[in-house]
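K.L.:
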Amino acid sequence: MLNFIKAVLRRNTNALIWSTQGFLSAMRSEEGMRQWSIIATLATLMAFVLNLNGLERAVVIAFSWNIVLMELANTAIEVIVDRISGEVHPLSKTAKDIGSAMVFFAIILALVVWLLVLFG
């Protein structure tokens, strides 16, 4: 049992370290990550300042941070595509465009959720 607990702690510690490294790498390299992280942080603060119930608060916070998650996925796609080949290729463009679309639709969804929560 002790070995199991040690293995779980080691795996989760490694996951935390690697996740932090990935997040910081994206923050350093991508302007969109920095912008949306700031906006999501401000949206989270607003969710606590405004007179929202618990469910509304949870939903607007989740959808706000979902943009950051999509930006992370988009960054990962861009890094992989650039790693595979530096040359311009239609499939590379398609992959990057799809990643961009993920972020765009996450933004639209978050905006709709905020508008519905604020104005019904």
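Residues 2 to 121 in my numbering are what the sequence shown lists, from first letter to last. We treat Cβ as the ideally placed atom computed from N, Cα and C, and that holds for glycine.
#1: Under a three-way DSSP split, which group does M2 fall into?
#2: Rounded to the nearest angstrom, what separates N13 and W19 at their Cα positions?
#3: Sorted by chain position, which residues of the same chain lie with C-beta nearer than 7 Å to W115's C-beta, five sequence neighbours on each side aside?
#4: Under a three-way DSSP split, which group does G33 fall into?
#5: Going residue by residue through the segment 30-82, where are the continuous alpha helix (DSSP H) segments of at least 4 residues, counting only ones entirely within it?
#6: Closer than 7 Å by C-beta to A107: which residues in its own chain qualify, once you throw out the five before and the five after it? Chain order, please.
#7: What distance in whole Å lies between the Cβ atoms of T76 and A27, which are believed to be in contact at a cut-off of 8 Å?
P.N.:
Taking the geometry as given:
#1: Looking up residue 2 in the sequence shown gives position 1. Reduced to three states, the DSSP call for M2 is coil.
#2: The count along the sequence shown starts at 1 and reaches residue 13 at position 12. The count along the sequence shown starts at 1 and reaches residue 19 at position 18. Roughly 10 Å separates the two Cα atoms.
#3: Counting from 1 along the sequence shown, the entry for residue 115 is found at position 114. The answer, listed in chain order, is V61.
#4: To locate residue 33, count along the sequence shown from 1; it is residue 32. Helix, per DSSP.
#5: 32-50
#6: Walking along the sequence shown from the start, residue 107 turns up at place 106. Here the set comprises N67, I68 and M71.
#7: As a working note, residue 27 is residue 26 in the sequence shown. As a working note, residue 76 is residue 75 in the sequence shown. Right, the Cβ-Cβ distance comes to about 5 Å (below 8 Å), so this counts as a contact.
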